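Here my numbering is used: the first residue of the sequence shown is 43, the next is one more, and so on.
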Amino acid sequence: MQTLNFDINGMTCGGCTGSVQRALSKLDGVSHAEVTLHPGTATVVVDPTRASPAQVQAAITHLGYSAKARPTAQNEQAPS
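Right, here's the structure in full:
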């Protein structure tokens, strides 16, 4: 499993975070998604053989928000 972190701009309420979290949770290969309004972030645990960072980012932008992957050490393999 791999943990991906994204900065998300444009969310203004709890409904926004809920929409993003539901969309990410429905992606094939996503085992966990957590979205916070402030500071506007998403942490997503994915199976890298089934979901790519680009697919996660596309799911967020499809909802009308801008998303940028955060290059951190957490983007490495997550413990099983």
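C-beta atoms are modelled at their ideal positions from N, C-alpha and C, and glycine is treated no differently.
Model, not experiment: these values are computed from the prediction.
With respect to Arg112, Asp49 sits close: the two C-beta atoms are nearer than 8 Å.
In chain order, Gly82, Tyr107 and Ser108 place their CB closer than 7 Å to the CB of Asn51, counting only its own chain and leaving out the 5 sequence neighbours on each side. In the three-state DSSP reduction, Thr54 falls in the coil class, being neither helix nor strand. In the three-state DSSP reduction, Leu66 falls in the helix class (H, G or I). According to the DSSP secondary-structure assignment, Gln99 is paired through a beta bridge with no residue.
Excluding residues up to 5 positions away in sequence, nothing lies with its Cβ nearer than 6 Å to the Cβ of Thr78 in the same chain. The distance from the Cβ of Ile102 to that of Ala75 is about 10 Å, inconsistent with a contact at the 8 Å cut-off. Bounds of any beta strand (DSSP E) do not take in His80, whose DSSP letter is neither H nor E.
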